[in-house]
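Take a look at the structure set out below.
Number of protein chains: 2
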Amino acid sequence: MQVFILICLSLIVLSAAASGLPGCDNQVAIGDRGVVVERATGSVVIVNSTSQEVLCRINGLGDLSHASMVFSRDEQFAYVFGRDGGLSKVDVLNGRLQKRIIQSGNAIGGAITQDGKIIAVSNYEPGGVRLFSAADLKAIASIPANTKQFPDGSKVVGLTDAPGNQLIFSLYNAGEIWQANLDDPAHPVITKYRQIGSLPYDALISPDGRYYMAGLFGEDGIAKLDLWYPEKGVQKILLDYGKGDRKLPVYKMPHLEGWAFANDFVFLPAMGRHQLLVVSKHGWQLAGRIQLLGQPVFAMARPDARQIWVNFAYPDNHWLQVIDTKSLTVVKKLQPGPGVMHMEFTPRGEHVWVSVRDKNQVKIYDTRTFQLLKTLSVEQPSGIFFTARAHQIGL
Amino acid sequence: MQVFILICLSLIVLSAAASGLPGCDNQVAIGDRGVVVERATGSVVIVNSTSQEVLCRINGLGDLSHASMVFSRDEQFAYVFGRDGGLSKVDVLNGRLQKRIIQSGNAIGGAITQDGKIIAVSNYEPGGVRLFSAADLKAIASIPANTKQFPDGSKVVGLTDAPGNQLIFSLYNAGEIWQANLDDPAHPVITKYRQIGSLPYDALISPDGRYYMAGLFGEDGIAKLDLWYPEKGVQKILLDYGKGDRKLPVYKMPHLEGWAFANDFVFLPAMGRHQLLVVSKHGWQLAGRIQLLGQPVFAMARPDARQIWVNFAYPDNHWLQVIDTKSLTVVKKLQPGPGVMHMEFTPRGEHVWVSVRDKNQVKIYDTRTFQLLKTLSVEQPSGIFFTARAHQIGL
Ligand code: DHE
Ligand code: DHE
């Protein structure tokens, strides 16, 4: 019997490796795997962050010119939200597309509930949030984002899970933040925060699930909701962070994913300015600005919060800058190549993976020595997502 | 070929399930698995936190009357530190003991380095720290804990990894904290902090890897090292937290694992007192005390830091109390049964698993409703460890 099993195992491994890549072996653990979006080809590759290699490629995910994803609690499945409203369930263990549906005309992101049972997608066309079963992608419920002023619905952005099996999201056109309790997912119970500010364009929840912050496009400022004290409502902070500045044309909206508390500060990319904003957690006042070489897109904290890595909008998107959160200064400038799209830290922070779209490369750096450790071939890479996200609130 | 593979797979699954338990299937993802120590029988069981069941049992791990463990970065392996100095490498995917060595006479805990390559074990007999290859448990180096006053060496406790591929640990007898850089693991470079206080008995690093805090047994107080400012040295805080109190005999030392920052406070179990200490992060002064029904052993924060769950030393070890970190009051008292040993939260905090030694049960509670969800049969359970720990600094 044992010999027979061994033969079986070998045959299975052989068949998995029949492509050019090593293959996605389903008999190893995948806690160190990740998924990289190939934005132009509607494909993703599965990578391994220990061996630092591309394992296999999965095609047929539609328009991934913008895409993000969340993971099932066992890490086996990535739920990919594509620009065309496609929702794809990718099997990270076996390296295959398990199911794909088109759930709307145009989508931007999504979330998985704390209990792992519901996938929520935030839509642009026709707007609103739709809920699906994580098991089979069957539709469970729909939350239209209609308001009096916007009876045809709002684009929804900044959708995230929150503790207590809740979802939180922002209505771009209507300027509202909605909180949905999913104890009975077929009948979400909604709490609405109105007039939170003009055009919230992205949002994120703090790693402990306490603060939900939405960046505003229509005015200077950030809308902040303290979920420990929802009765206080949404507060606008950093109201005049741009005062006196010459506002530049915005080449790309800054993303809020990856913001960090470090040293009692929160670091946020400024909109349309060459700055990283340093905000004091006590009173939520602007405590400083760090000058950058371009307009920041992502400002992401290393897991130990000692560094913030920043990438930039065109025409500076071949650079990376690293900020030291102790001295609040730029300590390093790197040039990975044209079209730096996204960064992802290994869970304990020793390495950072950087996607360099126009070079068809993912570059891996040591975050302490800034040494380039390895370059992987990936077709026009954008977002990089490690499976360890499965275990985090708000990712 | 495909049919053949299918037959193979079925046979493998069948053979795995030949015991009474469902078996540890190696063709599923294990991001939601965990390992529970069976303290009296030298065994561990592999559990699944989604299906909430015991999958398989692994025997032959020696004396586990005290045990802790760390995980490999892919989550496949648990390195179990037993009381008899045994170091066991358990394959969580396949449910088997891969390797076991006896590395000393008496050990208490260990760590895995940030790069995942080195397993470090802190020893009581003969003291010191030993380093092993995570791949094959081959000995790499030994760090004797000898000092002038204690030429025969010190017991080592509170061993943890720190960012930058470092280890930190405390010398119980000598009252020192040592920091080891493992860039060249065969030749660790040691920085020593002397006279940090009397008899450090346990320690932990904050989730961001910044603060190392060691509880003192020989005096009231906590030794705190800020790794962002090592030049400031070790500072003693909470020097007189017991002033005026009647000191009770200590039935069991409080453990520091699981401490939390919440609402700008740190929560620590008091030694020999029926109290949880509330420490302000600003100035590190005692900000309050929360009266408890017994001597706390573990005081563990739910991942969203909204609750602290506390278990107790004999004669109160059949209770659990839950503290609300917003109101700083006890909001719930539960009675899981005699011999409550340890608790572990699911990574996003919706459930807590509690080991009830004298009932041979692990109980699973909903942390929001406090409802008992399920009771599992486990032989004298103590420590519970989910695989998601693989991705965290200091766990
Ligand atoms: C609201 C929003 C989210 C959060 C999703 C959620 O709520 O789950 C998001 C996430 C993302 C995420 C997921 C971040 C994460 O860490 O989870 C990535 C990698 C990403 C890479 C890009 N985004 Fe994104 N992005 C927008 C909006 C958003 N992007 C835009 O409005 C914008 C400016 C215009 C657009 O083209 O739609 C835009 C352009 C980009 C890019 O140009 C980026 C850099 C590269 C690319 O290939 O599209 N966006
Ligand atoms: C120093 C130390 C650690 C940290 C390990 C490391 O550095 O990695 C530790 C960890 C632990 C951990 C791992 C905690 C974690 O979350 O990582 C557990 C579950 C644990 C359950 C117990 N410990 Fe523990 N424990 C001691 C010391 C320690 N225990 C003692 O000195 C004490 C009081 C006496 C003894 O018996 O050795 C003691 C009794 C107990 C128990 O009675 C507990 C509650 C149940 C049991 O079965 O032993 N100790």
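Read top to bottom, the protein sequences are chains A and U. Following the working numbering, the numbering of the first sequence begins with 1 at its first residue and continues without gaps. Following the working numbering, the numbering of the second sequence begins with 1001 at its first residue and continues without gaps. Each residue gets a CB set at the ideal place from its N, CA and C atoms; glycine is no exception.
Nearest to residue 292 of chain A by alpha-carbon distance, out of A/323, A/305, A/300, is A/323.
Not a single C-beta of chain U is nearer than 8 Å to the C-beta of residue 288 of chain A. Positions of the alpha helix (DSSP H) runs, each at least 4 residues long and wholly inside the stretch 140-189 of chain A, cannot be given because no such run exists. Among the residues of chain U, none has a CB under 7 Å from the CB of residue 191 of chain A; the nearest is roughly 17 Å distant. Distance from the CA of residue 1175 of chain U to the CA of residue 1339 of chain U, rounded to the nearest whole angstrom, comes to 32 Å. An exposed status is given to residue 1372 of chain U, since fewer than 16 other beta-carbon atoms sit within 10 Å of its beta-carbon. Within the stretch 1084-1095 of chain U, 1093 place their CB atoms closer than 7 Å to a CB of chain A, listed in sequence order.
Residue nearest to residue 1051 of chain U within the set U/1034, U/1060, U/1269, U/1258 is U/1034 (criterion: CA-CA distance). No Cβ of chain U is located within less than 8 Å of the beta carbon of residue 226 of chain A.
Listed by position along chain U, the residues whose Cβ is nearer than 7 Å to that of residue 23 of chain A form an empty set, because the closest Cβ is around 14 Å away.
Here the alpha carbon of residue 118 of chain A sits roughly 21 Å from the alpha carbon of residue 192 of chain A.
In the structure shown, residue 1358 of chain U adopts helical secondary structure according to DSSP, grouped into three states. Chain order gives no chain A residues near residue 1066 of chain U, where near means a beta carbon separation below 7 Å; the closest approach is about 26 Å.
Taking each of A/258, A/294, A/135 in turn and checking the Cα distance to residue 304 of chain A, the smallest one comes out for A/258. Residue 1252 of chain U has its Cβ nearer than 7 Å to a heavy atom of ligand 2. Interface annotation, residue 344 of chain A: not in contact with chain U, CB-CB separation never under 8 Å. The residue from A/177, A/358, A/165, A/278 with its alpha-carbon nearest to that of residue 188 of chain A is A/165. The beta carbon of residue 1348 of chain U lies closer than 7 Å to those of 1303 in the same chain, with the five residues before and after it left out.
In this structure, residue 1029 of chain U sits near residue 93 of chain A, with a CB-CB distance shorter than 8 Å. As DSSP reads the structure, residue 1307 of chain U sits in a beta bridge with U/1324.
A residue is called buried when at least 16 other Cβ atoms come within 10 angstroms of its Cβ; residue 1294 of chain U meets this threshold and is buried.
Non-local C-beta neighbours of residue 1091 of chain U in its own chain, meaning closer than 7 Å and more than five positions away in sequence, comprise 1076, 1077, 1098, ordered along the chain. Nearest Cα to residue 226 of chain A within the set U/1025, U/1306, U/1298, U/1374: U/1306. Distance from the CA of residue 364 of chain A to the CA of residue 342 of chain A, rounded to the nearest whole angstrom, comes to 12 Å. With its beta carbon less than 8 Å from one in chain U, residue 326 of chain A belongs to the interface. Around residue 186 of chain A, the same chain offers 140, 141 as residues with beta carbons nearer than 7 Å, after the five sequence neighbours per side are excluded. With three or more CB-CB distances shorter than 8 Å, the stretch 191-208 of chain A counts as touching the stretch 225-239 of chain A. Within the stretch 247-299 of chain A, the complete beta strand (DSSP E) segments at least 3 residues long are 260-262, 265-269, 275-280, 286-291, listed from N- to C-terminus. Under the three-state reduction of DSSP output, residue 1230 of chain U falls in the helix class.
At a cut-off of 8 Å between beta-carbon atoms, residue 26 of chain A makes contact with chain U. At a Cβ-Cβ threshold of 8 Å, residue 1378 of chain U and residue 1362 of chain U count as neighbours. The three-state reading of DSSP puts residue 375 of chain A in strand, counting E and B together.
In the three-state scheme derived from DSSP, where H, G and I count as helix and E and B as strand, residue 1351 of chain U is classed as strand. For residue 86 of chain A, the uninterrupted beta strand (DSSP E) segment begins and ends at 86-91. Taking C-beta atoms as the reference points, residue 1249 of chain U and residue 1296 of chain U fail to come closer than 8 Å.
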